[in-house]
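Student:
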Amino acid sequence: ARALAEREFDRDLMADRLAGALEAAVATDGPTTMRRTTTASSPAHDDAPERASGSIDHHAGGADKDRPAVVLGLLHAGLAIVRSLGRSGVAVHGVAFSSTDFAMSSRFLRSRHVVPASPDCADRDRRTLLILQELAAENGRLVLFAERDEHVAFVLRNWDAVRQIADVPLPPDPDVTWSLRRKERLIEVAAAAGVPAPATVHADCEQAIRDSGLRAPFLLKPVEGQDFALHFGEKVMLADSVDEAVAKWRTASDAGFETLVQEFIPDSSDRIWSLLAYISTDGRPLASVVGRKVRQGPLKFGTSAFFEVDHDDRVLDKGLRLLLHAGYRGIAHVEMAHDTRDDTFKLLEVNTRPPVWFGLAVNDRFDMAALAYADLCGQVPAACRLFRDDLAWAYLAKDLYVSYQMARCGDLDLAAVLRDYRKRKVRAVFAADDPLPAVRSLRYLLSRA
């Protein structure tokens, strides 16, 4: 390891050379060769090759594969959706807001489109809409999957225009989505549904924090979106006193972020459970899986590096109760913390999009992406499915780094890590029949380091 560390090499050049070699190999292998790539300023007009053979997963009820799918956002969850639908013969098109989205190199994409960054949000929306409208004009009505918060926000800002050309796995009333995305509104919805949550106050001013009566320690959270994590490098901020909470609130406020302050559940960082569910267009919970975040990065308050199915009826019941009470439709990720003080699960947040570990729900026995596509195409299976198999999702590159950090802190159970990797698991990025995204993800990891 020391010898490798001391060896001088250009990692970017190495990744590019390996990617080039794999691109050449993929271009000569099978019907799904490299597809057209465009930017919003340089659309392509060449005809796409014929679709790959195959059929939608039988759990999806035999959807009409003639409906084109568009995946907006092409990181881990987007990649899982692209592969699921592409392997089944659906024409899948990819749209990304960044060229570092590594699923752009998936062989299962018929076309690729990058919307260059712009300081003007309205301008980027206009260019993204133009791409979607052109895809719909060429291929027919779309089924659109939004991967991350910024992509869902784009859909909500342009709701009427998007719905004219696409079906999306979101409620028909955008206010329902907003009621779960906005954390100060989520607390009200949860209370009405009878789902417990940690004591919380909307931090609209310093005095609101000081007068809240909350017990330390506190978590300072953004009201909405992933921009907070991108700006500060952490999803939440931990404060051990009211004065510290006020200071961190001021830092966030000065950066333009609206926040709330919440009581932190002691020792809950390694007891975070999630419900991932798909609620059909007619209001049925068609697919559900409950699991636990095993390791995460950044430590304690990060996104999953290793996630596993770990069913608990209480998480399933409370999560579905919340979604159905809100009138939600589509893909939702409900996150809860186990409070050992009273042995209850308390609501942390709801994501109206697939989580990073969505690939766990796209496997050979259970395919939520295919089922969602079928439902949005109007062909729904009669049975609702609950996935409880022993299965894990592993993002190896991140998990190695997280495990190293845990070891430095003295928190790593090496035997447990080794046991984890002996479990049946889904890889976050690598696939033998689609190798390029794994190579391109090296550049993404370096950009995030």
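Mapping of the sequence shown onto the working numbering: residues 174 to 622, in sequence order.
Here a beta-carbon is modelled for each residue, glycine too, at the ideal position from N, C-alpha and C.
Alpha carbon to alpha carbon, how far is lysine 238 from isoleucine 229? Give it in angstroms, no decimals.
Tutor: Low confidence applies here, because isoleucine 229 scores a pLDDT of 47, under 50, leaving its location unreliable; read the following figure in that light. Going by the C-alpha atoms only, they are around 7 Å apart.
Student: Starting from the N-terminal side, write out each stretch of the beta strand (DSSP E) that is 3 residues or longer and does not extend beyond the segment 556-596.
Tutor: 558-560, 565-567
Student: Which complete beta strand (DSSP E) runs does the segment 332-383 hold, if anything under 3 residues is left out?
Tutor: Fully enclosed beta strand (DSSP E) runs of 3 or longer: 373-376.
Student: Which residues does DSSP pair with proline 458 in a beta bridge?
Tutor: Ile452
Student: Would you kindly check if the distance between the Cβ of isoleucine 338 and the Cβ of leucine 303 is under 9 Å?
Tutor: no
Student: Should aspartate 540 go down as buried or exposed, given a rule of 16 or more other Cβ atoms within 10 Å for buried?
Tutor: buried
Student: Give me the Cα-Cα distance between leucine 619 and aspartate 384, rounded to the nearest whole angstrom.
Tutor: 43 Å
Student: For threonine 620, which of helix, strand or coil comes out of DSSP?
Tutor: The sequence given here has serine at residue 620, not threonine. Note: serine 620 maps to helix in three-state DSSP.
Student: Based on DSSP bridge pairs, tell me the residues matched to valine 265.
Tutor: Ala242, Leu282
Student: Helix, strand or coil for phenylalanine 270? Go by DSSP, reduced to three states.
Tutor: coil
Student: In the DSSP output, which residue or residues are listed as bridge partners for valine 409?
Tutor: Its beta-bridge partners do not exist; DSSP assigns none.
Student: Straight-line CA distance for proline 369 to histidine 249?
Tutor: 30 Å
Student: Beta-carbon within less than 7 Å of proline 371's beta-carbon, same chain only, minus the 5 sequence neighbours each way: which residues are those?
Tutor: Gln435, Glu436, Ile438, Lys519
Student: Within 10 angstroms of its Cβ, does leucine 549 collect 16 or more other Cβ (buried), or is it exposed?
Tutor: buried
Student: DSSP three-state call for alanine 542: helix, strand or coil?
Tutor: helix
Student: Phenylalanine 479 lies in the beta strand (DSSP E); which residues open and close that run?
Tutor: 476-482
Student: Report all residues from its chain with a CB closer than 8 Å to the CB of histidine 231; omit the five preceding and five following residues, and keep chain order.
Tutor: Low confidence applies here, because histidine 231 scores a pLDDT of 37, under 50, leaving its location unreliable and the question unanswered by this model.
Student: What is the C-beta distance between alanine 589 and proline 342, in whole angstroms, given that I count them as a contact (C-beta under 8 Å)?
Tutor: Between proline 342 and alanine 589 the Cβ distance is about 35 Å, and since that is not below 8 Å, they are no contact.
Student: Could you give the DSSP three-state label for phenylalanine 327: helix, strand or coil?
Tutor: Phenylalanine 327 sits in a helix when the DSSP states are folded into three classes.
Student: With a CB to CB cut of under 7 Å and the five nearest residues on each side skipped, what residues in its chain are close to serine 215?
Tutor: Low confidence applies to serine 215: its pLDDT is 40, below 50, so where it sits in the model is not reliable enough to give any reading.
Student: Let's test the definition: count the other Cβ atoms within 10 Å of the Cβ of aspartate 274 and tell me whether it reaches 16, buried, or not, exposed.
Tutor: buried
Student: Can you give me the start and stop residues for the alpha helix (DSSP H) that leucine 495 sits inside?
Tutor: Per DSSP, leucine 495 is one residue of the alpha helix (DSSP H) stretching across 486-499.
Student: When the Cα of proline 241 is compared with those of Gly262, Val288, Phe560, Trp332, which residue comes out closest?
Tutor: The shortest C-alpha separation from proline 241 is found at Gly262.
Student: Check the DSSP bridge columns for isoleucine 254 and list the partner residues they point to.
Tutor: BP columns for isoleucine 254 are empty, so no partner.
Student: Count the C-beta pairs between the segment 394-414 and the segment 554-570 that are closer than 8 Å, then say yes if the count reaches three, no if not.
Tutor: Two segments are said to touch when three or more pairs of C-beta atoms, one from each, lie closer than 8 Å; by this definition the segment 394-414 does not touch the segment 554-570.
Student: Taking the alpha helix (DSSP H) that asparagine 536 falls in, what are its first and last residues?
Tutor: Looking at the DSSP string, asparagine 536 is not in any alpha helix (DSSP H), and its letter there is neither H nor E.
Student: Based on Cα-Cα distance, which residue from Asp485, Ala290, Phe531 lies nearest to threonine 476?
Tutor: Phe531
Student: In the DSSP assignment, find the beta strand (DSSP E) that holds threonine 432 and state where it starts and stops.
Tutor: 432-436
Student: Taking buried to mean at least 16 other C-beta atoms within 10 Å of its own C-beta, is alanine 605 buried or exposed?
Tutor: exposed
Student: Quickly, what does DSSP pair isoleucine 445 with across the bridge? List them, please.
Tutor: Among the bridge pairs identified by DSSP, isoleucine 445 is matched with Ala510.
Student: Which residues does DSSP pair with alanine 601 in a beta bridge?
Tutor: Its beta-bridge partners do not exist; DSSP assigns none.
Student: Can you grab the Cα-Cα spacing for the pair proline 395 / glutamate 522, in whole Å?
Tutor: 11 Å
Student: Tell me which residues share the same chain as aspartate 322 and place their Cβ nearer than 6 Å to its Cβ, disregarding the 5 neighbours each side in the sequence.
Tutor: A distance below 6 Å between beta-carbons, with the five flanking residues on each side excluded, links aspartate 322 to the following residues of its chain, in chain order: Gly398, Gln399.
Student: For arginine 260, count neighbouring Cβ atoms within 10 angstroms of its own Cβ and tell me buried if that reaches 16, exposed if not.
Tutor: buried
Student: Going by C-alpha distance, which of His286, Asp483, Leu609 is nearest lysine 596?
Tutor: Nearest option by C-alpha distance: Asp483.
Student: Which partner residues of arginine 465 appear in the DSSP bridge assignment?
Tutor: Looking at the DSSP output, arginine 465 sits in a beta bridge with Trp446, Glu481.
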